[in-house]
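Asks:
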Amino acid sequence: MFELLAQSVKERVSISAADFEFCKTLFIPKKLRKRQYLLQDGDVSRYTAFVEKGMLRTYTIDEKGNEPILQFSPEGWWVADLYSFLTDEPSQYNIEAMEDCELLLITRASWEVLFEKVPVFERYFRILLQNNLIATQRRLMASLTETAEEKYLKFINNYPGCVQRMPQHMIASYLGITRETLSRVRSQLATRG
Amino acid sequence: MAIKKEIAIVGATEETGTILAGALGHLDIDLILVDKDNEQLLRVKKGLLEKAPNAEINVAECIKDGCWEADIIILAVPRQEEAEVADIIREVATQKTVIALRNEEEPEALRELLPYSKLIFDGHLSMANYQLLINR
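Going line by line, the protein sequences match chains Y and H.
Just so we're aligned: the first sequence equals residues 693 to 885 in my numbering.
Just so we're aligned: the second sequence equals residues -9 to 126 in my numbering.
1. Against chain H, which members of the region 726 to 754 of chain Y pass a CB distance test of less than 7 angstroms?
2. Taking the alpha carbon of Y/Y851 as the point to measure from, which residue in Y/Y729, Y/V736, Y/Q784, Y/G768 has its own alpha carbon closest?
3. Could you tell me the alpha carbon to alpha carbon distance between H/M117 and Y/P721, rounded to whole angstroms?
4. Less than 8 angstroms between the CB atoms is what I'm expecting for H/D127 and H/L109, so what's the real figure, rounded?
5. Measuring only between beta-carbons, confirm whether H/E59 sits less than 8 angstroms from chain Y.
6. Pick out whichever of Y/Y844, Y/A698, Y/A801 has its Cα sitting closest to the Cα of Y/S879.
7. Say whether the region 694 to 712 of chain Y touches the region 757 to 768 of chain Y, bearing in mind that this needs 3 or more beta-carbon pairs closer than 8 angstroms, one atom from each stretch.
8. Using beta-carbon positions only, say whether Y/Y751 and Y/N786 come within less than 8 angstroms of one another.
9. Based on the DSSP output, what are the partners of Y/Q763 in its beta bridges?
10. Can you check whether the CB of H/L38 is closer than 8 angstroms to the CB of H/A185?
11. For Y/L744 and Y/C793, I'd like the C-alpha separation in whole angstroms.
12. Within 8 angstroms (strictly less), CB to CB, does Y/S708 reach chain H?
13. Taking only the alpha-carbon atoms, compute the straight-line gap between Y/L730 and H/E(-4) and give it to the nearest angstrom.
14. How is H/P97 classed by DSSP in three states: helix, strand or coil?
15. Any heavy atom of the ligand MG closer than 7 angstroms to the CB of H/I47?
16. Mark H/R126 as exposed unless 16 or more other C-beta atoms lie within 10 angstroms of its C-beta, in which case mark it buried.
17. If the cut is a Cβ gap below 9 angstroms, which residues of chain H does Y/F719 touch?
Take a look at the structure:
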């Protein structure tokens, strides 16, 4: 149940077995079925979640009813609306299970206990946050400067082995391109081999 | 729109479990009926839906899976089965509210089996108190 979390933590920081055992007692194991929500817009985000199994999408709904996707979260990823989680403000996002998921949830109160009792977790989350900031900056720049093909190639690099699990219209939404453009890019890449 | 809490009743086909399910079925929750006998579970579900057609009710033959999905777990099993159930759900009940439908006699045994769950012992939990737990 905690295999991927253990791997994620140990890849980034040194942690004793005893400390990791303590950390496990602070998480809420939660199974979500496909199409169930972890968060809906207007709600306050009470948890941040680690994905042990499955995949979720974080999206919003615009005034035309489109669903632009901010992030996909497969196994080994963290998912949350951090702004809502940290400020208790209502979220503008929906986080939906795209398939049956096994998650590890942690509340803000437990998060603080974790940092206090196992200080190495502050370093762990700092590393995750700085990587996330870098990735966000890169994605913003890519959206302004890159071609559809470049965006798609980076996407499959960032989500290895996940593309088959994602409907095409959702990939297009994430990349900010039309389905037709995505289809054309994929055809061209397939032709080039 | 707040996501509905999922409440698992372990022992849903026992008399107490069925009565409680009937009462909770009118609240704005997702109910998970958990017991070993799938046929009985489906019968109980059918009976509940007849009285509360808009209720969201799922059944789970696997006690661990049913409690894994749940946000709140209610143990409506006979006292002598508590230890066995606690053993099965321990891993998936961490930091979850677990309600034992009995008064707090000898709570240590259950606390030892579920050391990281938020245990409530109450044989007479009112609907108002359930509503408070759901809204938390």
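The beta carbon of each residue, even a glycine, is placed where N, CA and C say it ideally should be.
Replies: By the coordinates alone:
1. Listed in sequence order: Y729, Q732, G734, D735.
2. Residue mapping note: residue 851 of chain Y aligns to position 159 of the first sequence, counting from 1. Nearest Cα to Y/Y851 within the set Y/Y729, Y/V736, Y/Q784, Y/G768: Y/G768.
3. Counted from its first residue, the second sequence places residue 117 of chain H at position 127. Counted from its first residue, the first sequence places residue 721 of chain Y at position 29. Rounded to whole angstroms, H/M117 to Y/P721 spans 26 angstroms at the Cα level.
4. This structure cannot settle anything about residue 127 of chain H, because the visible part of chain H is limited to -9 through 126.
5. The count along the second sequence starts at 1 and reaches residue 59 of chain H at position 69. Output row for H/E59: interface = yes.
6. Counting from one through the first sequence, the residue named residue 879 of chain Y turns up at place 187. For Y/S879, the nearest C-alpha among the options comes from Y/Y844.
7. Verdict: yes, contact present.
8. Within the first sequence, the letter at position 59 stands for residue 751 of chain Y. Within the first sequence, the letter at position 94 stands for residue 786 of chain Y. Contact: yes.
9. Looking up residue 763 of chain Y in the first sequence gives position 71. Y/Q763 is bridged to Y/T750.
10. The structure shown does not extend to residue 185 of chain H, since chain H is modelled only from -9 through 126, so no value can be given for it.
11. Here the question's residue 744 of chain Y lines up with position 52 in the first sequence. Here the question's residue 793 of chain Y lines up with position 101 in the first sequence. Here the sequence assigns Glu to residue 744 of chain Y, which means Leu is not the residue at that position. C-alpha of Y/E744 to C-alpha of Y/C793: approximately 8 angstroms in a straight line.
12. Residue 708 of chain Y sits at position 16 when you count from the first residue of the first sequence. It does not; no Cβ of chain H falls within 8 angstroms.
13. Taking the first sequence and counting its residues from 1, the one referred to as residue 730 of chain Y is at position 38. Taking the second sequence and counting its residues from 1, the one referred to as residue -4 of chain H is at position 6. Here the alpha carbon of Y/L730 sits roughly 12 angstroms from the alpha carbon of H/E(-4).
14. On the second sequence, position 107 is the one that residue 97 of chain H refers to. Helix at H/P97.
15. Here there are no bound small molecules, and the ligand MG is not part of this structure.
16. Against the second sequence, residue 126 of chain H aligns to sequence position 136. Note on H/R126: under 16 other CB atoms within 10 angstroms of its CB, so exposed under the neighbour-count rule.
17. By 1-based counting over the first sequence, the position of residue 719 of chain Y is 27. Neighbours of Y/F719 on chain H, chain order: T84, Q85.
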